[in-house]
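Worksheet: the structure to be examined is printed underneath.
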Ligand code: NAD
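Numbering (the numbering used here), first residue to last: 1 to 295.
Structure follows, in structure tokens:
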């Protein structure tokens with residue numbers, strides 16, 4: 001096969017996150033039109049990180065598209081942690097706001113755990129609050145972090161059976177690696193978590209039926225590591241030497257995989273769609289007293 005361009009992999013092997021995310025947004029838009037409440041999402045950003053600014057802009061645009069109310073709160077890094085905690089406290093009390101998200105990473109000097117813990121767990125749109133992380137771990141109802149939730153939805157959309165499959169997750173961050181490993185395990189996959197100290201990473205990956213790469217290094221996963229017929233989920237968002245957005249998985253891996261997500265157009269749009277879905281679910285629960293505490 002000729003060299004494959006990551007932007008245009010063979011259609012049969014490309015897991016189209018962009019299309020699935022658009023379908024989910026369309027469904028949410030219809031649901032909002034028929035609802036007697038308007039979901040409200042607050043996105044709080046601190047500092048002037050360019051990537052964070054563009055992610056926040058995409059989230060606010062997505063809210064507008066589906067008919068959610070949104071609020072964008074931007075603080076300068078010099079405002080300090082207490083100002084951020086005060087904003088969160090005001091949003092916790094605001095009945096028009098059902099979901100709160102603090103865009104990470106925060107600037108140096110901010111205590112991310114303290115900040116995330118200040119969000120009302122019932123408004124935790126990202127599912128990062130320690131209480132919700134714990135609930136998810138023991139199998140209780142909780143908002144599921146958006147990127148892992150989107151990955152599961154992509155696997156389900158492809159009809160990938162997870163039970164008994166060997167899954168290798170590369171990366172152990174709190175926002176991607178750990179929760180996706182937990183979710184795959186809960187769906188009866190046999191999960192190996194690999195990280196920066198893993199020995200013989202290639203050997204671990206070679207055994208995998210399902211590979212989730214969340215490392216943050218362009219083209220890190222090599223085609224010779226891929227068992228023919230594996231399913232590959234590429235979470236990475238990296239800029240290559242020419243400024244193009246590329247994933248963690250070398251594009252040549254498309255040739256060995258049964259199916260693989262492209263970057264861009266794979267996991268990224270699903271993360272935003274799942275944020276909307278989480279906000280919708282929080283709004284539905286908290287605007288209907290009958291559903292409160294029903295879990
Ligand atoms: P992180 O920096 O918090 O974690 C990276 C992980 O990679 C770490 O756990 C580390 O142990 C592991 N790692 C580093 N070097 C390694 C090596 N040589 N071998 C094996 N493992 C190694 O990153 P993160 O927040 O989990 O994000 C990972 C990537 O996913 C980034 O590119 C990020 O931009 C992207 N991301 C994308 C989305 C999306 O919606 N598509 C969402 C979140 C993160």
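C-beta atoms are modelled at their ideal positions from N, C-alpha and C, and glycine is treated no differently.
- Annotated three-state conformation of residue 170 is strand, per DSSP.
- For residue 171 and residue 27, the gap between their C-alpha atoms comes out near 32 Å.
- For residue 194, the secondary structure class from DSSP, reduced to helix, strand or coil, is strand.
- Put simply, of 120, 161, 191, 181 the residue whose alpha carbon is nearest the alpha carbon of residue 136 is 181.
- Rounded to whole angstroms, the gap between the alpha carbons of residue 244 and residue 263 is 10 Å.
- Short of 6 Å from the beta carbon of residue 38, and not among the five residues preceding or following it, lie these beta carbons of its own chain, in chain order: 69.
- With contacts defined as CB atoms closer than 8 Å, residue 125 and residue 279 qualify as a contacting pair.
- Per DSSP, the unbroken alpha helix (DSSP H) holding residue 272 starts and ends at 267 to 286.
- At the C-beta level, residue 213 and residue 230 stay beyond 8 Å of one another.
- Near ligand 1, meaning a beta-carbon closer than 6 Å to one of its heavy atoms, we find 147, 170, 171, 172, 173, 175, 176, 177, 194, 195, 196, 198, 201, 214, 215, 216, 235, 236, 237, 238, 267, 268, 271.
- Residue 149 holds the alpha-carbon nearest to the alpha-carbon of residue 175 among 192, 149, 158.
- Straight-line spacing of the CA atoms in residue 190 and residue 201 works out to 17 Å.
- Under the three-state reduction of DSSP, residue 239 is assigned to strand.
- Residue state for residue 137 is assigned as helix, using DSSP reduced to three classes.
- Between the C-alpha atoms of residue 103 and residue 250 there is a straight-line separation of about 28 Å.
- A residue is called buried once 16 or more other Cβ atoms fall within 10 Å of its Cβ, and residue 93, having fewer, is exposed.
- Assignment of residue 177 by DSSP, reduced to helix, strand and coil, places it in the helix class.
- Remark: C-beta atoms of residue 42 and residue 97 approach each other more closely than 8 Å.
- Judged by DSSP in its simplified three-state form, residue 93 adopts helix.
- Of 107, 66, 73, the smallest CA-CA separation from residue 33 is found for 66.
- Around the C-beta of residue 140, fewer than 16 other C-beta atoms lie within 10 Å, and the residue is accordingly described as exposed.
- DSSP places residue 159 in the coil class of the three-state scheme, outside both helix and strand.
- With a threshold of 16 other beta carbon atoms within 10 Å, residue 87 meets it and is buried.
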